[in-house]
Every structure is written in structure tokens, then in C-alpha cells.
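**Q** Sending over a structure as C-alpha cells; questions will come in a sec.
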Amino acid sequence: MFYYLTNPISSDKILVSMTFLRGVVLMIDLHCHALFGVDDGAQNVEIMQQMLDTAYSDGIRAICFTPHFKHHHFKSEADIFAYNEKIKQSFSVACDYVAEKYADLKLYLGNEIMYHHDIYASITEGKCSKIADTSYALIEFLPTTPFFEISSALFNLLRKGIRPILAHVERYGELADDISRVKELREGGVLIQVNASSITKLKFGKSARFIKRLFKSSLVDLIATDAHDANEYAPIMSSAVSIIEKKYGEKMARRVSLTVPNMILENQKKL
Ligand SMILES: [Fe+2]
Numbered sequence: 016m017f018y019y020l021t022n023p024i025s026s027d028k029i030l031v032s033m034t035f036l037r038g039v040v041l042m043i044d045l046h047c048h049a050l051f052g053v054d055d056g057a058q059n060v061e062i063m064q065q066m067l068d069t070a071y072s073d074g075i076r077a078i079c080f081t082p083h084f085k086h087h088h089f090k091s092e093a094d095i096f097a098y099n100e101k102i103k104q105s106f107s108v109a110c111d112y113v114a115e116k117y118a119d120l121k122l123y124l125g126n127e128i129m130y131h132h133d134i135y136a137s138i139t140e141g142k143c144s145k146i147a148d149t150s151y152a153l154i155e156f157l158p159t160t161p162f163f164e165i166s167s168a169l170f171n172l173l174r175k176g177i178r179p180i181l182a183h184v185e186r187y188g189e190l191a192d193d194i195s196r197v198k199e200l201r202e203g204g205v206l207i208q209v210n211a212s213s214i215t216k217l218k219f220g221k222s223a224r225f226i227k228r229l230f231k232s233s234l235v236d237l238i239a240t241d242a243h244d245a246n247e248y249a250p251i252m253s254s255a256v257s258i259i260e261k262k263y264g265e266k267m268a269r270r271v272s273l274t275v276p277n278m279i280l281e282n283q284k285k286l
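Structure representation (C-alpha cells):
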């Protein structure tokens, strides 16, 4: 298992062996619904605080909050404005809580954006946000979306300078049918995200087999919690990291839980 002595997103990282240090595993979570009172995530401030406590105890040291942005849910521009104001207020409360309790936990803002026809305009007009003001955006589709729609939508964004991160890839049936489709997306510049809970909870079935094939083919860029509460859908990554380490090695575990998420936060173009 890997440990860092310092903040994982600072430049002075010192990797040490567990032989020399008993500490926490440090990870970065770029998909989390812990902001309270905005979407189907934390429903009140107490739950948000519990989620932050859980994430910190688990070893997560950077979180990007990604409240859902579903364009069709809004009736007007004013609705979108009000939603974003709620997000800002909730984020401010989270920052105050963390500043007092967990000085080394970094918080960022983004959205999990449901793909819609005007997505590029929604992003450029500031209606919804990319990950932490980088060029990376977390995009989701309905699980039944055909591959050709997913690929044309994501490649269209890429042509316009936005780097899509495909949220919870394991949910899309047409991608699970044919892993070469994921390869095609990835080779075109799309990043692939798997939910930590899918790794720990899905033991059998199509999605579980799909996830195994993705890891064996090195097609996963990052894992994230996609946490929605402090119980069943809590922000926990370490169990998934342990499984990945055991099955696919320490390097892979570090890459998907820390290295790639860190490169995204630094807006590195090499990915
Ligand atoms: Fe999500």
C-alpha cells in the first residue's frame, strides 16, 4: 500500500513505503454529492458534515463536489441561477467546516453534467461547471444511451476543447457489450471513471465482468465515490483501492485513486 507524507496535490510529494510509516492512504475523490440541499445527495448540513468526516477518516484528502446538473430539470434561467446560488452557499458552509476541522482536506467545485443538446453553451455560459475550473468536465448519460450517441457527444466536446470524464462507465450497457468501444473513447481523449462502490459491491453480473475487463485492459483512468449520503452511499474509496491493489497491483491502485485525479486537478494535458 502507498502512503504520502505530504498533501498529495502539493508539488513536494514524498512516497514512502508502509514499512516506514503507519499512516493513512491518501486519495482524491472527483465525483461526490456531499453538498447539502442541492441535489439528491446530502439532504442537510449534518449529513454533509458526516460525509466529510467519513471521507477524511477514509484517507480522502481532496474532494470535488459534483452536484447534478440536469438541464431539463430547470424551467427557466432564473431556476439555474438559484440552483447555482444554493451550490455556492453550501460550498461555503463546507469550506468553513473543513477549515476548522481538517486543514489538509482540499475542496473543489464542479458538476456532474447530464448530457444535453446545449451542453457546450451551458458550460461556456457558466450555467454548469467543469471540474475545479480545469478543462475536464464530468459527464453522464442515461444508462441506455447508444454508443454512437455517447461517442459523438463526447468527441464533439473534445473538438471544442473540453476534456470529458465519462462518469460511472459501468452503467452503460452498450459499452459493456463491447469493450473496444471504451478503448475507442479513451484513445480519442475521453477519461474513464468507475465508481468505488461498484468495485466493492458488484461481485457478479454484466457490470462486474465489465469492470474486471476494463482494469485488465488498463482502460480505467480514475475511481471516485459518487457518494450520496453517509450510510449506504458513503464517500469511501479505500476498500476499492485495496481490491484494485490486490488484483491489479499497487501501481494501478495509486494511478486511479491519486495520480490521475491529481493530474486532472492540476489541469495537465498529458492524460
Ligand atoms: Fe454522481
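Anchor point for the sequence shown: position 42 equals 57 in our numbering, and the numbering is continuous, going up by one each time.
Idealized CB from N, CA, C, for every residue including glycine.
Taking only three categories from DSSP, how would you classify K296?
**A** Residue coverage of the chain in this structure runs from 16 to 286, which leaves residue 296 outside it and unanswerable.
**Q** Output needed for N282: all residues of its chain with C-beta closer than 7 Å, excluding positions within five of it in sequence on either side, in chain order.
**A** In the sequence shown, counting from the first residue as 1, residue 282 sits at position 267. Correct list, in chain order: T149 and S150.
**Q** May I ask you to list the residues that DSSP assigns as paired with C79?
**A** The residue given as residue 79 occupies position 64 in the sequence shown. DSSP, once it has assigned bridges, lists Y123 as partnering C79.
**Q** Roughly how many angstroms lie between the CA atoms of L273 and M267, to the nearest whole one?
**A** Position 258 of the sequence shown, counted from the start, is the residue given in the question as residue 273. Position 252 of the sequence shown, counted from the start, is the residue given in the question as residue 267. One C-alpha to the other measures close to 10 Å.
**Q** Considering Cα atoms alone, identify which of E100, S212, L229 and A136 is closest to D54.
**A** Stepping through the sequence shown from its first residue, residue 54 is reached at position 39. Closest option to D54, Cα to Cα, is E100.
**Q** Please classify V205: does DSSP put it in a helix, a strand, or coil?
**A** Taking the sequence shown and counting its residues from 1, the one referred to as residue 205 is at position 190. Coil.
**Q** What residue ranges within the stretch 120 to 173 form continuous beta strand (DSSP E) runs of no fewer than 3 residues, ordered along the chain?
**A** For the stretch 120 to 173, whole beta strand (DSSP E) runs of length 3 or above, ordered along the chain, are 121 to 124, 127 to 129 and 151 to 155.
**Q** Is T81 near ligand 1, in the sense that its beta carbon is under 7 Å from a heavy atom of that ligand?
**A** Residue numbering aside, residue 81 sits at position 66 when the sequence shown is read from its first letter. Checking the Cβ of T81 against ligand 1 gives yes.
**Q** Whole angstroms are fine: how far does the CA of K145 sit from the CA of T139?
**A** Numbered from 1 along the sequence shown, position 124 holds the residue referred to as residue 139. Numbered from 1 along the sequence shown, position 130 holds the residue referred to as residue 145. Approximately 10 Å between the Cα atoms of the pair.
**Q** Apart from the five residues just before and just after M252, which ones in its own chain have a Cβ nearer than 7 Å to its Cβ?
**A** As a working note, residue 252 is residue 237 in the sequence shown. Here the set comprises M42, D44, D73, I75, A211, I238, T240 and S272.
**Q** Buried or exposed: F163, going by 16 or more other Cβ atoms within 10 Å of its Cβ?
**A** Sequence index remark: in the sequence shown, residue 163 carries index 148 (1-based). Exposed.
**Q** Please classify P179: does DSSP put it in a helix, a strand, or coil?
**A** Numbered from 1 along the sequence shown, position 164 holds the residue referred to as residue 179. DSSP places P179 in strand when its eight states are reduced to three.
**Q** Buried or exposed for A114, please, with buried defined as at least 16 other CB atoms from any protein chain shown within 10 angstroms of its CB.
**A** To locate residue 114, count along the sequence shown from 1; it is residue 99. Classification of A114: exposed, given that the 10 Å Cβ count is below 16.
**Q** Look at the Cβ atom of F80, then the Cβ atom of I62, and state whether they are nearer than 8 Å.
**A** Position 65 of the sequence shown, counting from 1, holds the residue named residue 80. Position 47 of the sequence shown, counting from 1, holds the residue named residue 62. Contact flag unset, no.
**Q** Quick one: is the Cβ of H86 within less than 7 Å of any heavy atom of ligand 1?
**A** The residue given as residue 86 occupies position 71 in the sequence shown. No; taking the cut-off as 7 Å, the Cβ of H86 has no heavy atom of ligand 1 nearer than that.
**Q** Near ligand 1, which residues have their beta-carbon less than 5 Å from any of its heavy atoms, given in chain order?
**A** In chain order, the qualifying residues are E127 and D241.
**Q** Rounded to whole angstroms, how far is the Cβ of M129 from the Cβ of A242, which I believe are closer than 8 Å?
**A** Here residue 129 refers to the residue found at position 114 of the sequence shown. Here residue 242 refers to the residue found at position 227 of the sequence shown. So it is not a contact: roughly 18 Å between Cβ atoms.
**Q** Can you say whether H46 is buried or exposed, counting buried as having 16 or more other CB atoms within 10 angstroms of its CB?
**A** By 1-based counting over the sequence shown, the position of residue 46 is 31. H46 comes out buried.
**Q** Tell me the DSSP secondary structure of L237 in three-state form.
**A** The residue given as residue 237 occupies position 222 in the sequence shown. Strand, per DSSP.
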